[in-house]
Amino acid sequence: MSLKSFSRARAVHLMLVYTGGCNGCDIEIVNCVLSPKFDAEQYKVFLTWNPREADVLVVTGPVTKLNEEPLKKIYEAIPEPKAVVAAGACALMGGVYKNIHGDIPSEEIMGPVDNIIPVDAKVPGCAVRPEDLLSGVVAALPKLLDAD
1 MSLKSFSRAR
11 AVHLMLVYTG
21 GCNGCDIEIV
31 NCVLSPKFDA
41 EQYKVFLTWN
51 PREADVLVVT
61 GPVTKLNEEP
71 LKKIYEAIPE
81 PKAVVAAGAC
91 ALMGGVYKNI
101 HGDIPSEEIM
111 GPVDNIIPVD
121 AKVPGCAVRP
131 EDLLSGVVAA
141 LPKLLDAD
């Protein structure tokens, strides 16, 4: 077992990336990790803002044209093996932003996350429930642990 596998078996670092939308899912995800009610840190699930430290990329919101290239760069910066969790209706299918004409014109929506980068787990909801997010992260873990 390599050092990376050993470390990953004992802690998981999530990187949260917002690609447009209302931020409802982001609030729930941060709540899941940092609040005393869910306290994912007690299970060694930590938030990081550095892609070099991340194991799991959690993407929220519809991917806008403005955020498409930064999302690809962040994905490429995360070391292998890595997993991606698409969280929320917007990340899965564009949500309410898919065919609207308002603040975000529909031609600015590049699509769900899996049109841009590979997705390993999908978590539905609007906004995502914290317990569902944890289930999605757990569903993505075998990809990380089986890599070595």
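In UniProt numbering, the protein residues as written are 1 to 148. Positions of the beta carbon are idealized from the N, C-alpha and C atoms, including for glycine.
**OP:** Tell me, please, which residues DSSP counts as bridged to residue 46.
**Re:** In the DSSP assignment, residue 46 is bridged to 13.
Original post:
How is residue 73 classed by DSSP in three states: helix, strand or coil?
Top reply: Annotated three-state conformation of residue 73 is helix, per DSSP.
**OP:** Would you check if there are 3 or more beta carbon pairs closer than 8 Å linking the region 72 to 79 to the region 134 to 143?
**Re:** Because the criterion of three Cβ pairs below 8 Å is not met, the region 72 to 79 and the region 134 to 143 do not touch.
**OP:** Keeping to the same chain, check which residues put their C-beta closer than 6 Å to that of residue 14; ignore five residues upstream and five downstream.
**Re:** Excluding sequence neighbours, residue 14 sits near 47, 56, 58.
Subject >> Nearest neighbour of residue 135, chosen from 87, 71, 68 [CA to CA] >> reply: Of 87, 71, 68, the smallest CA-CA separation from residue 135 is found for 87.
Original post:
So what does DSSP say about residue 61, is it helix, strand or coil?
Top reply: If DSSP states are grouped into helix, strand and coil, residue 61 belongs with coil.
Original post:
Per DSSP, what kind of secondary structure is residue 143 in: helix, strand or coil?
Top reply: Three-state result, residue 143: helix.
Original post:
Can you give the beta carbon distance from residue 152 to residue 130, rounded, assuming they're within the 8 Å contact cut?
Top reply: Missing from the structure shown is residue 152; the chain here goes from 1 to 148 and no further.
**OP:** Assign residue 120 to one of two classes, buried (16 or more other C-beta atoms within 10 Å of its C-beta) or exposed (fewer than that).
**Re:** Buried is the call here.
Original post:
What are the start and end residues of the beta strand (DSSP E) that includes residue 87?
Top reply: Where residue 87 is concerned, the enclosing beta strand (DSSP E) stretches over 83 to 87.
Subject >> Where residue 24 falls: helix, strand or coil (DSSP) >> reply: Residue state, collapsed to three classes: helix.
Original post:
Taking all protein chains shown into account, do 16 or more other C-beta atoms lie within 10 angstroms of the C-beta of residue 53, making it buried, or fewer, making it exposed?
Top reply: By the neighbour-count rule (16 or more Cβ atoms within 10 Å), residue 53 is not buried but exposed.
Subject >> Alpha-carbon spacing of residue 17 relative to residue 113, whole angstroms >> reply: C-alpha of residue 17 to C-alpha of residue 113: approximately 11 Å in a straight line.
Original post:
What are the boundary residues of the beta strand (DSSP E) that residue 121 is part of?
Top reply: Judged by DSSP secondary structure, residue 121 falls within the beta strand (DSSP E) whose first and last residues are 121 to 123.
**OP:** Output yes or no for whether 8 Å exceeds the beta carbon distance between residue 109 and residue 62.
**Re:** The Cβ atoms of residue 109 and residue 62 lie closer than 8 Å to each other.
Subject >> Local Cβ density within 10 Å of residue 11, reported as buried at 16 or more and exposed below that >> reply: Exposed is the label assigned to residue 11, since fewer than 16 other Cβ atoms lie within 10 Å of its Cβ.
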